[in-house]
Every structure is written in C-alpha cells, then in structure tokens.
Amino acid sequence: MLGILCTLLTALTCKIFIHSFHAPCFHAQTFPLTFLCVLTDVDAAIVLTQTPAVHSVPTGQEVVLNCNIQRYDGNYVSWYKQVPGEAPQYVLSFLHGVNDLDFGSGFSSDRFNSKSSSSTEYQFIIKRSETGDSAQYYCQTWDDSASEAVSQWFTL
C-alpha cells in the first residue's frame, strides 16, 4: 500500500511540476519525498532468484531448478512453462510447510514435483526429462506488501 501511495505521490508531484513548466521532475523540493518512496519500494519488494539461469541436461536425466523468494509471505510458489511463441502453461503450485501440490492440466506427479528446503528456497523437479521439456520456466509468488505477483524465469 505504501508503495502505491508513494508512486501516486511521485506521479502527482511530477505532473504538477511539468504542468507548471518546472523541469526536471526531481525538483529540489520534491526530491526527498521521491527518493524516500523509491527506497521504500525497493525495500518492500520480494526479489526472486532462479538458478541456474540456463540448464542443459541429456534426455532421461532429472532436472532440478532452484528459486529463492527472498521473503516468505505464506503464499504458494507456482511454476510455469513457456515454449517460445506460445502462451505460458501452469505446471504446478507448492505451499511450504504443508507440502501441498496443485498440478496444471497435462502435468502430474509422475514427472513433476516441487519441494522446499526452507521457507524461501524452492526446487522444481522434472523427472526423466524429455525433448518436449525444453522451454523457459518461471517461478512466481505473491508479494503481499506490493499486492502483486512477482516472477523470474530461466531456460531449459
């Protein structure tokens, strides 16, 4: 909420100064407020880190992709698959502590799994990789403080 308020204040401040023909937007009087808002947004946001960014494995091997969500807000971590030129496909969601898995259409525990080694460290596992698994994979979670989904991708 604070991030939205800061963004709104910054946008309104800029609009007022642009309308009054005072440039640049970071006028001396508005700079401290704008700067504070930017720092507040950065502090509050969840940043996802996925490793490895690009992963190559022989067909039939197990693939493990890691996602660090930086801060746990008690929400599911979801994984998506996107083949270039196609819409993303929902693969699965995992809730830490409950070990609750929910699979998307066409995906099952036969070959796909997720687990967590802590409340911020998640793994996406593809058992017995196939050629059709080549794609970009996204991990995603909900950031309560920013009221938005955050995601990160890597290529397999």
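For the sequence shown, the residue numbers in mature numbering (1 follows the signal peptide of the UniProt record, and there is no 0) are -28 to -1, 1 to 128. All residues carry an ideal CB built from backbone N, CA and C; glycine is no exception.
According to DSSP, residues forming a beta bridge with residue i
{"i": "A121", "result": "W114"}
{"i": "N71", "result": "Its beta-bridge partners do not exist; DSSP assigns none."}
Secondary structure of residue i, DSSP reduced to three states
{"i": "T103", "result": "helix"}
{"i": "S80", "result": "coil"}
{"i": "Q108", "result": "strand"}
{"i": "Q42", "result": "coil"}
{"i": "Y52", "result": "strand"}
{"i": "E34", "result": "coil"}
{"i": "N47", "result": "coil"}
{"i": "S86", "result": "strand"}
Cβ neighbour criterion (16 or more within 10 Å) applied to residue i
{"i": "Q112", "result": "buried"}
{"i": "P(-5)", "result": "Confidence in P(-5) is poor, its pLDDT being 35 and thus under 50, which makes the residue's placement unreliable; the coordinate value appears in the next sentence. By the neighbour-count rule (16 or more Cβ atoms within 10 Å), P(-5) is not buried but exposed."}
{"i": "D115", "result": "buried"}
Residue j beta carbon less than 8 Å from that of residue i
{"i": "L67", "j": "W51", "result": "no"}
{"i": "Q33", "j": "A107", "result": "no"}
{"i": "S86", "j": "Q95", "result": "yes"}
{"i": "T103", "j": "N40", "result": "no"}
{"i": "G46", "j": "Y62", "result": "no"}
{"i": "S101", "j": "V49", "result": "no"}
{"i": "S123", "j": "Y110", "result": "yes"}
{"i": "Q42", "j": "V19", "result": "yes"}
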